[in-house]
Structure formats: C-alpha cells, structure tokens
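Here the sequence shown is numbered in this note's numbering, starting from 141 and rising by one per residue.
The structure appears right after this line, and notes come after that.
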Amino acid sequence: MELDTEKIGDITVVKVLTDVLDASNTEEFKADIATIFEKSKKVLFEMNQVKFIDSSGCGVLLYCLRQLNSLGGTLKLYGLQESVRTLFCVA
141 MELDTEKIGD
151 ITVVKVLTDV
161 LDASNTEEFK
171 ADIATIFEKS
181 KKVLFEMNQV
191 KFIDSSGCGV
201 LLYCLRQLNS
211 LGGTLKLYGL
221 QESVRTLFCV
231 A
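Quick look at the structure:
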C-alpha cells in the first residue's frame, strides 16, 4: 500500500495514495498503519485520492479508529471524495 506520512506537531498526516480501498488491499493497509500507530496517537488520514471504498475498506477504517481509541488516540478523515463521503453519511 502506498502511504506518505508527514508529522505536523503531534499529528501524523497519512496520505493514502491509492484510488481504491477494498478487500484486495485492506490487510496490507492494516499492516502498514500498525507501525504508524506505535509512534503517534493523533492521526489524520488524507483520503482525497481514494475514489472507492467497499465494506472491507470501511471495516479497516473502523479497525484503525478502535485501535487508536484503545491507545487513547484519535483518528480523523480528511479530503473525502463525494462518493466516499456519501457512503459514510449513509452508514
């Protein structure tokens, strides 16, 4: 999974550099994110390149939220495409 990270103060910005977050790449995403969660408790996912998320993609984002919450951290999503934002509004 192609991710780009940048530290801004105490927040880690993770740019998700894929257009699809689905069953084909969620395990790789989860593994790559685990190392980031070890170093930072405040994470922002910049999602403006993601055009499609399926139920597996939603599941991995929920997993990330729960992981950070259990560590006392926070997760925010930024730059959601309209189609992806609609999915979260419906859910």
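For glycine and all other residues, C-beta sits at the position ideal for the given N, C-alpha and C.
List the endpoints of the continuous alpha helix (DSSP H) containing Asp172. Thr166 to Lys179
CA-to-CA distance, Cys229 to Glu222, given in whole angstroms: 10 Å
What residue does the alpha helix (DSSP H) around Val183 start on, and which one ends it? Unbroken run through Val183 is the beta strand (DSSP E), Lys182 to Glu186; no alpha helix (DSSP H).
Taking Cβ positions, are Thr166 and Val153 nearer each other than 8 Å? no
Check the DSSP bridge columns for Arg200 and list the partner residues they point to. First, the amino acid is wrong: residue 200 is Val here, not Arg. Per DSSP, none; premise fails for Val200.
Can the beta-carbon of Leu161 be found less than 8 Å from the beta-carbon of Phe169? yes
According to DSSP, is Thr214 helix, strand or coil? strand
Tell me which residues share the same chain as Ser196 and place their Cβ nearer than 7 Å to its Cβ, disregarding the 5 neighbours each side in the sequence. Asp162, Ala163 and Thr166
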